[in-house]
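For what it's worth, our numbering labels the leading residue of the sequence shown as 523, then goes sequentially.
Everything below concerns the one structure shown next.
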Amino acid sequence: MKECLVVIPTYNEIENIEAIIRKVFTLSVPFEVLIVDDGSPDGTAVCVKNLQQREFGGRLHLLERRGKLGLGTAYIEGFRWALGQGYQYIFEMDADFSHNPEDLVRLYEACSREGADAAVGSRYIRGVNVVNWPMGRVLMSYFAGHYVRFITGMPIMDPTAGFICYKREVLETILSNQIRFVGYAFQIEMKFLTWKYGFRLTEVPIIFTDRTKGVSKMSTKIFKEAVFGVIQMKVESFFKHYIPPKKQPKPVVDEPAVV
523 MKECLVVIPT
533 YNEIENIEAI
543 IRKVFTLSVP
553 FEVLIVDDGS
563 PDGTAVCVKN
573 LQQREFGGRL
583 HLLERRGKLG
593 LGTAYIEGFR
603 WALGQGYQYI
613 FEMDADFSHN
623 PEDLVRLYEA
633 CSREGADAAV
643 GSRYIRGVNV
653 VNWPMGRVLM
663 SYFAGHYVRF
673 ITGMPIMDPT
683 AGFICYKREV
693 LETILSNQIR
703 FVGYAFQIEM
713 KFLTWKYGFR
723 LTEVPIIFTD
733 RTKGVSKMST
743 KIFKEAVFGV
753 IQMKVESFFK
763 HYIPPKKQPK
773 PVVDEPAVV
């Protein structure tokens, strides 16, 4: 079976994409990479195809989508493809180096050696470890974590984090649900379901460095979705029975076309 796949969603990341791919492939763990590109007009997907043809055909994969369809749906398509291909450890991370690729190894070891079912690269497990963000955004993100913990009861210091390793059985279980949110709320919903199904979540401290190239995709709409989505998610959980993982039937995995 295949071991590790890093899913990286992209939209207009031509300034970062080749460097992030090359960095991942230098790590001690033999990661493979799946780029999920939402029709980037800047040529991001073309760059990935060139790297496939010239150097990384066996380790670099590309899933092209028509238009900007949202971060959450990009990850879900990537996760389903990874499950269909038999990967055991499936990661999500940004393309802009805000997540240090070297920390992928630490997330992998938390799951493969230390017994976690999902490992979260956490900005707040040891104070506030964020570089180059304006203070207002730091405070918004930090207190959003407190808000989520208060509403959901989930013991995670960084519930909106987007740097994660999942064991395949976690994704097989939680993707049997309809994941509805697309931005920050998507990240919260995934962790919430992981926790409600009884999987072991752990947080690995990281230093988050804001992008230096390209344009942030953060918006007020995405933040509002998280604020109100958390309440909706918690209320609906009162009426749902979460089957323990060992009893959860495996979902049918659709395999989207991939280059």
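In this text, a Cβ means the ideal position worked out from N, Cα and C, and glycines have one as well.
Bounding residues of the alpha helix (DSSP H) (the contiguous stretch that carries residue i)
| i | result |
| --- | --- |
| Gly667 | 657 to 674 |
| Leu715 | 706 to 718 |
| Glu540 | 539 to 546 |
| Leu549 | Premise fails: Leu549 is in no alpha helix (DSSP H) and is neither H nor E. |
| Leu573 | 566 to 573 |
Rounded Cβ spacing between residue i and residue j (contact assumed at less than 8 Å)
| i | j | result |
| --- | --- | --- |
| Met755 | Phe714 | 6 Å |
| Cys569 | Ile612 | At roughly 23 Å, the Cβ-Cβ gap does not stay under 8 Å, so Cys569 and Ile612 are not in contact. |
| Met712 | Ile696 | 7 Å |
| Val555 | Leu593 | About 17 Å; that fails the 8 Å criterion. |
| Ala638 | Arg690 | Actually they do not touch by this definition, with Cβ atoms about 14 Å apart. |
| Val757 | Thr674 | Contact flag wrong, Cβ pair sits at about 11 Å. |
N-terminal and C-terminal residue of the beta strand (DSSP E) that residue i is part of
| i | result |
| --- | --- |
| Glu614 | 611 to 614 |
| Lys689 | 686 to 689 |
| Leu723 | 723 to 727 |
| Leu584 | 582 to 586 |
| Leu556 | 554 to 559 |
| Leu527 | 526 to 532 |
Proximal residues to residue i (C-beta, below 6 Å), its chain only, five neighbours per side dropped
| i | result |
| --- | --- |
| Ile542 | Ala617 |
| Asn651 | Arg645, Ile729 |
| Glu525 | Gln610 |
| Phe761 | none |
| Phe553 | Cys526, Val528, Val546 |
| His621 | Met615, Phe685 |
| Val660 | Val652 |
Contacting residues, own chain, Cβ-Cβ under 8 Å from residue i (five flanking each side not counted)
| i | result |
| --- | --- |
| Val627 | Leu549, Ser550, Val551 |
| Thr682 | Ser663, Ala666, Gly667, Val670, Tyr706, Gln709, Ile710, Ala748 |
| Lys769 | Model confidence at Lys769 stands at a pLDDT of 49, short of 50, so the residue's coordinates are unreliable; what they give is reported in the following sentence. Within the same chain, Lys769 has no close Cβ partners at all. |
| Asp625 | Gly643, Phe685, Val726, Ile728 |
| Leu591 | Asp560 |
| Glu540 | Cys569, Leu573 |
| Ile598 | Leu697, Ile701 |
| Trp724 | Before going on, a small fix: residue 724 reads as Thr here, not Trp. Around Thr724: Ala632, Glu636, Ala638, Ala640, Ala641, Val642. |
| Phe672 | none |
Residues near residue i in its chain [Cβ-Cβ closer than 7 Å; skip 5 each side]
| i | result |
| --- | --- |
| Gly736 | Residue confidence is low: Gly736 scores 48 on pLDDT, short of 50, so the model does not pin down where it sits. Its coordinate-derived value is still stated next. Excluding positions up to five away in sequence, the list reads Asn534, Glu535, Glu537, Asn538, Asp618. |
| Tyr646 | Tyr664, Gly667, Met679, Asp680 |
| Leu693 | Phe601, Leu605, Ile612 |
| Gly565 | Ile536 |
| Lys718 | Ser759, Tyr764 |
| Arg635 | none |
| Lys545 | Pro623 |
| Tyr630 | Cys526, Val551, Tyr611, Cys687 |
Within-7 Å CB hit, residue i to chain C
| i | result |
| --- | --- |
| Thr724 | The displayed structure is made up of one protein chain only, and chain C is not part of it. |
- Query: So does the segment 546 to 562 actually touch the segment 584 to 594, counting three or more Cβ pairs closer than 8 Å?
  - Reply: yes
- Message: Count Cβ pairs between the segment 563 to 577 and the segment 641 to 660 that sit closer than 8 Å; are there 3 or more?
- Response: no
- Considering only residues of the segment 591 to 657, which uninterrupted alpha helix (DSSP H) runs meet the minimum length of 4 residues and lie entirely inside it, listed in chain order? 593 to 607, 625 to 634
- Task: Decide if the segment 641 to 654 is in contact with the segment 690 to 707; the criterion is three or more beta carbon pairs, one per stretch, under 8 Å apart.
- Result: no
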